[in-house]
């Protein structure tokens, strides 16, 4: 349902965090008659009354410091005229109290602070004409992308780890210089990328032989294969880059996220616009380009005027999580093999197309993940949907059948999910209490399941339905993020990042991508082991 962007009338909104209940249900002990004092928004000097209008600055301070959700601010407008009328505060004297509170909270966000007044107004109009909608857009992006928080990326053969302070580490395969240390030698332990010292990194993306890092200033640094459209396996780019280099063609775009797919790369701007490189020589992304094209092209079609908060790239396709006044939605574009675009068919889409199934399921998407051949979404209510190629049970429906539209994973009906990650026929789900579930291909022991004490057991067995990853339960740390290899040519490894900043790794480690030395000719680890890096 839509959240009203006007300052009058009764908006139609989706309420949450405020439970409507009668006063008798809130007040447990009856109050004596002489103690009962009426409180109205506008008093008329009757003793005992406390008019909100008498101290609007205090009210504004409370609204801002309590970090109310945009929907809750909208409800205040709907229920009390005090919050609807102009508050007469700078910088805009016509803004209502709830709109002003939303603007104040927007100004706390790192990507909003450096925006000029003109850029802020443009973003406001793009989001629907309300600061509450801008706040929802900013919060949605922070929630699904771990923006400005610690993170770990399990790339194809190499890994990236970023601390909460923006320090970047890399380790693993380095044949194309994708670790950024100025060499092509493998690294078996996390090593800080020294050339980026003094630059705060807020996002990272890793593809085959290639790495992209994004700074808090919206700048993009790339190293490894010198191509935005290189095939996952095969010929190198024209040259290799062994230290982070600023992507000149993106200097005029404030980038907040990057996604590396097969044959193409996509970036997301601060304003929620999607740009793509390469993979367009036959118009697959709505424009004509060459594989070695280094110029970003706006993603044309339905998303041109709709702000996007997250992008996810799989094998020749792209998913975009959009934020509209009517709610959150998912669009897909690219190759439709296996039904991974979610439209009920296996046909390609040259322009972004809305996945309509979520409306039928009454599900508001908040996180989207694109595996090589399948995709997943977490809803605001904690439900998980998967679709695409169901090989090895990666959809979690108890079979290996394809699903061409999103389908709720019934086996997780008692779990409230907050995060999902997908790889090459593998899926991980993190619940609100930090438990982790995985299903799909068990190759390389990347699912984290072990049947017996020696760590061998069934760690290579495919799992058709979600199973609790007990090996992560045993580390007694609350998991907040999972990252796994999203590649059809590399053995997979998995990272589990905990709330305290500890990083655990398991799966394939033959190139040092686990961040630890393996002994006795081992090529993988079946149980999670802590990586020697502090990501707090």
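In our numbering, the protein residues as written are 1139 to 1674.
Quick reminder that beta carbons are idealized off the backbone N, C-alpha and C, glycines included.
Comparing C-alpha positions only, which one of 1410, 1348 and 1408 sits nearest to residue 1380?
Walking along the chain shown from the start, residue 1380 turns up at place 242. Comparing Cα positions, the closest option is 1348.
Return the Cβ separation of residue 1403 and residue 1416 in integer angstroms, given the expectation that the two are a contact with Cβ distance under 8 angstroms.
Within the chain shown, residue 1403 is the residue found at index 265, counting from 1. Within the chain shown, residue 1416 is the residue found at index 278, counting from 1. Going by Cβ atoms, the distance from residue 1403 to residue 1416 rounds to 7 angstroms, so yes, they are a contact pair.
With a 10 Å radius around its C-beta and 16 neighbouring C-beta atoms as the bar for buried, classify residue 1196 as buried or exposed.
Within the chain shown, residue 1196 is the residue found at index 58, counting from 1. Exposed, by the Cβ-count rule.
Flag this pair as touching only if the stretch 1303-1314 and the stretch 1264-1273 have three or more C-beta atom pairs under 8 angstroms; answer yes or no.
no
CA-CA distance, residue 1606 and residue 1598?
Here residue 1606 is taken as the residue at index 468 of the chain shown, counted from 1. Here residue 1598 is taken as the residue at index 460 of the chain shown, counted from 1. Going by the C-alpha atoms only, they are around 16 angstroms apart.
Have a look at 1433, 1288, 1529 and 1207 and flag the residue whose alpha-carbon is nearest the alpha-carbon of residue 1390.
By 1-based counting over the chain shown, the position of residue 1390 is 252. Among 1433, 1288, 1529 and 1207, the Cα nearest to that of residue 1390 is on 1433.
Spatial neighbours of residue 1655 in its chain, beta-carbon cut-off 7 angstroms, leaving aside the 5 residues before and after
Position 517 of the chain shown holds residue 1655. So the list reads 1326, once near-sequence residues are dropped.
Would you check if the distance between the CB atom of residue 1756 and the CB atom of residue 1465 is smaller than 8 angstroms?
Because residue 1756 is not part of the residues shown, which for the chain are 1139 to 1674, the question remains open.
Cβ neighbour criterion (16 or more within 10 Å) applied to residue 1232
On the chain shown, residue 1232 is found 94 positions in, with the first residue counted as 1. By the neighbour-count rule (16 or more Cβ atoms within 10 Å), residue 1232 is not buried but exposed.
Considering only the beta carbon of each residue, do residue 1567 and residue 1583 sit closer than 8 angstroms?
Here residue 1567 corresponds to residue number 429 of the chain shown, with the count starting at 1. Here residue 1583 corresponds to residue number 445 of the chain shown, with the count starting at 1. No. Outside cutoff.
Please report the distance separating the alpha-carbon of residue 1244 from that of residue 1543.
On the chain shown, position 106 is the one that residue 1244 refers to. On the chain shown, position 405 is the one that residue 1543 refers to. Cα-Cα distance, rounded: 35 angstroms.
Should residue 1282 be labelled buried (16 or more other beta-carbon atoms within 10 Å of its own) or exposed?
Position 144 of the chain shown holds residue 1282. Flag for residue 1282 reads buried.
Identity of the residue in 1473, 1608 and 1659 nearest residue 1491 by Cα
Numbered from 1 along the chain shown, position 353 holds the residue referred to as residue 1491. Ranking the options by Cα distance to residue 1491, first place goes to 1473.
Under the assumption that residue 1635 contacts residue 1673 (Cβ atoms under 8 angstroms), give the Cβ distance between them as a whole number of angstroms.
Taking the first residue of the chain shown as 1, we reach residue 1635 at position 497. Taking the first residue of the chain shown as 1, we reach residue 1673 at position 535. Right, the Cβ-Cβ distance comes to about 7 angstroms (below 8 angstroms), so this counts as a contact.
For residue 1337, I'd like the list of residues in its chain whose CB is within less than 7 angstroms of its CB, leaving aside the five on either flank, ordered along the chain.
Mapped onto the chain shown, residue 1337 falls at position 199. Cβ neighbours of residue 1337 beyond the five flanking positions: 1353.
Contact defined as beta carbons within less than 8 angstroms: I believe residue 1470 pairs with residue 1489. What is the distance between those atoms, to the nearest angstrom?
Along the chain shown, read from residue 1 onward, the residue named residue 1470 stands at position 332. Along the chain shown, read from residue 1 onward, the residue named residue 1489 stands at position 351. Contact doesn't hold; Cβ gap of about 10 angstroms is too wide.
Below 8 angstroms between beta carbons: does that hold for residue 1437 and residue 1405?
Residue 1437 sits at position 299 when you count from the first residue of the chain shown. Residue 1405 sits at position 267 when you count from the first residue of the chain shown. Result no, Cβ atoms of residue 1437 and residue 1405 do not sit closer than 8 angstroms.
So, residue 1476 versus residue 1523, is the Cβ gap smaller than 8 angstroms?
The count along the chain shown starts at 1 and reaches residue 1476 at position 338. The count along the chain shown starts at 1 and reaches residue 1523 at position 385. Result no, Cβ atoms of residue 1476 and residue 1523 do not sit closer than 8 angstroms.
Suppose the cutoff is 6 angstroms on Cβ atoms and the five residues either side in sequence are ignored; what does the same chain contact list for residue 1670 look like?
Locating residue 1670 in the chain shown gives position 532, where the first residue counts as 1. Closer than 6 angstroms at the Cβ level, and outside the excluded window around residue 1670, lies no residue.
So residue 1234 and residue 1247 are supposed to be a Cβ contact under 8 angstroms. How far apart are they, rounded?
Here residue 1234 is taken as the residue at index 96 of the chain shown, counted from 1. Here residue 1247 is taken as the residue at index 109 of the chain shown, counted from 1. No, residue 1234 and residue 1247 are not in contact; Cβ-Cβ is about 20 angstroms, not under 8 angstroms.
Every unbroken alpha helix (DSSP H) inside the stretch 1600-1649 [4 residues or more]
1608-1611
Residue 1230, DSSP secondary structure in three states
As a working note, residue 1230 is residue 92 in the chain shown. Three-state DSSP puts residue 1230 in coil, outside helix and strand.
Any idea what DSSP makes of residue 1533, helix, strand or coil?
For this step, residue 1533 is matched to residue 395 along the chain shown. Looking at residue 1533 - three-state DSSP - the assignment turns out to be coil, as it is neither helix nor strand.
Residue 1673 - DSSP class collapsed to helix/strand/coil:
Here residue 1673 refers to the residue found at position 535 when the chain shown is read from its first residue. Residue 1673: coil per DSSP, three-state reduction.
For residue 1619 and residue 1450, the rounded distance between their alpha carbons
Here residue 1450 is taken as the residue at index 312 of the chain shown, counted from 1. Here residue 1619 is taken as the residue at index 481 of the chain shown, counted from 1. Using only the alpha carbons, I get a separation of about 16 angstroms.
Mind checking whether residue 1408 and residue 1385 have CB atoms under 8 angstroms apart?
Counted from its first residue, the chain shown places residue 1408 at position 270. Counted from its first residue, the chain shown places residue 1385 at position 247. Not in contact: residue 1408 and residue 1385 (Cβ atoms no closer than 8 angstroms).
Roughly how many whole angstroms lie between the Cα atoms of residue 1558 and residue 1377?
Sequence index remark: in the chain shown, residue 1558 carries index 420 (1-based). Sequence index remark: in the chain shown, residue 1377 carries index 239 (1-based). Spanning the two alpha carbons is a distance of roughly 35 angstroms.
Where does the unbroken beta strand (DSSP E) through residue 1522 begin, and where does it stop?
Residue mapping note: residue 1522 aligns to position 384 of the chain shown, counting from 1. Residue 1522 -> beta strand (DSSP E) spans 1522-1526.
Could you pull the DSSP bridge partners for residue 1259 from this structure?
Indexing the chain shown from 1 puts residue 1259 at position 121. Looking at the DSSP assignment, residue 1259 forms no beta bridge with any residue, so it has no partner.
Under a three-way DSSP split, which group does residue 1331 fall into?
Reading the chain shown from its first residue, position 193 is the one you call residue 1331. Reduced to three states, the DSSP call for residue 1331 is coil.
Cβ of residue 1291 within 8 angstroms of Cβ of residue 1360?
Locating residue 1291 in the chain shown gives position 153, where the first residue counts as 1. Locating residue 1360 in the chain shown gives position 222, where the first residue counts as 1. Taking 8 angstroms as the Cβ cut-off, residue 1291 and residue 1360 do not qualify as a contacting pair.
If you follow the beta strand (DSSP E) that residue 1361 is in, where does it begin and where does it stop?
The residue labelled residue 1361 in the question sits at position 223 within the chain shown. Counting along the chain, the beta strand (DSSP E) containing residue 1361 begins and ends at 1358-1363.
Would you decide whether residue 1267 is buried or exposed? Buried here means 16 or more other CB atoms lie within 10 Å of its CB.
For the purposes of this step, residue 1267 is taken as the residue at position 129 of the chain shown. Exposed.
Whole-Å CB distance - residue 1642 paired with residue 1610, under 8 angstroms assumed
Taking the first residue of the chain shown as position 1, residue 1642 is located at position 504. Taking the first residue of the chain shown as position 1, residue 1610 is located at position 472. Between residue 1610 and residue 1642 the Cβ distance is about 7 angstroms, and since that is below 8 angstroms, they are a contact.
Where DSSP assigns a beta bridge to residue 1349, which residues make up the other side?
As a working note, residue 1349 is residue 211 in the chain shown. In DSSP, residue 1349 forms a bridge with 1344 and 1361.
Going by DSSP, which residues form a beta bridge with residue 1469?
Position 331 of the chain shown holds residue 1469. For residue 1469, which the question treats as bridged, DSSP gives the partners 1458 and 1492.
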